[in-house]
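Residue numbers (the working numbering): -6 to 283.
Ideal Cβ placement from N, Cα and C applies to all residues, glycine included.
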Ligand code: MF3
Ligand code: CO
């Protein structure tokens, strides 16, 4: 980090003098880095204007998922969900971020039962009574990214699958309580992992959350099997996702070798995921997308 003069304009773009803006912030991060902590680079600290723009994108993403929530039911194909997401997103003059992302062929990920994530919508896949499904939406509005996912229980879902869905949501919001400036991402990660294990579940290790806002996937990579006091320091202005994948059985997973995307549980048991997008604030956190 280059040292700014105390009376220079702050690097964050606020127009305020550095000494009155991010000077104390930089000193604090620098001291933590000297003690061996991983600290966020300036690119990961969003300016107020960027935060506003990311929130506008998130409003679209929330509206699209609300639309899905209002219409999803047994008998609907995941292809229809994809069409809803595409049509609703473009209605708001936005773009579904998954479409053509690294070759992903659809506008949304739809992951049913033992599909952990990155399920590809298909006309042949019809929602059945008793299914649990994750619908993962991501939006680009004016170049700014948002990302969240929700679970839906279709019809009469067996009690143990419903419990997995509910406990996974609880895990996300318990982890969220750990999000505050100058803590570590591992505080959140360990909280989620401990809670999942206490409930008899496992947490997927190889796939996690991510920074987001100016790009779909930014640093840091966010683990949900991490340890308290470890991983990157959380600083005001950071935006990242909390999106643990929690499995009823083994944490082992495998990738569909035909499509190169879809991830399944190794043992065929169900997996659940909820995703929220979170801003670290001066005093704690703010949910910007859900
Ligand atoms: N929404 C997913 C995430 O949480 C992104 C999946 S990439 C896609 O990171 F191309 F499959 F959409
Ligand atoms: Co995500």
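Check	Outcome
With 16 other Cβ atoms within 10 Å as the buried cut-off, status of residue 1	exposed
Reduced DSSP category for residue 270 - H, G, I as helix; E, B as strand; rest coil	strand
Bridge-paired residues (DSSP) for residue 370	There is simply no residue 370 to check, as the chain begins at -6 and stops at 283 in what is shown.
Beta-bridge partners of residue 254, as assigned by DSSP	Its beta-bridge partners do not exist; DSSP assigns none.
Coil, strand or helix - residue 279 by DSSP	strand
Buried or exposed (CB count within 10 angstroms, at least 16 for buried), residue 186	buried
Environment of residue 86 [buried if 16+ CB atoms lie within 10 Å]	exposed
Cβ-heavy atom distance, residue 254 to the ligand MF3, below 7 Å	yes
Beta-carbon spacing of residue 236, residue 138 below 8 Å	no
Assigned secondary structure, residue 2 (DSSP; H/G/I helix, E/B strand, else coil)	strand
Buried/exposed call for residue 240, threshold 16 Cβ in 10 Å	buried
Residue ranges of each alpha helix (DSSP H) within the segment 14 to 100, 4 or longer	16 to 27, 41 to 64, 71 to 84
heavy atom of the ligand CO below 7 Å from residue 202 C-beta	yes
Residue 33 versus 250, 134, 260, 174, residue with shortest Cα-Cα distance	174
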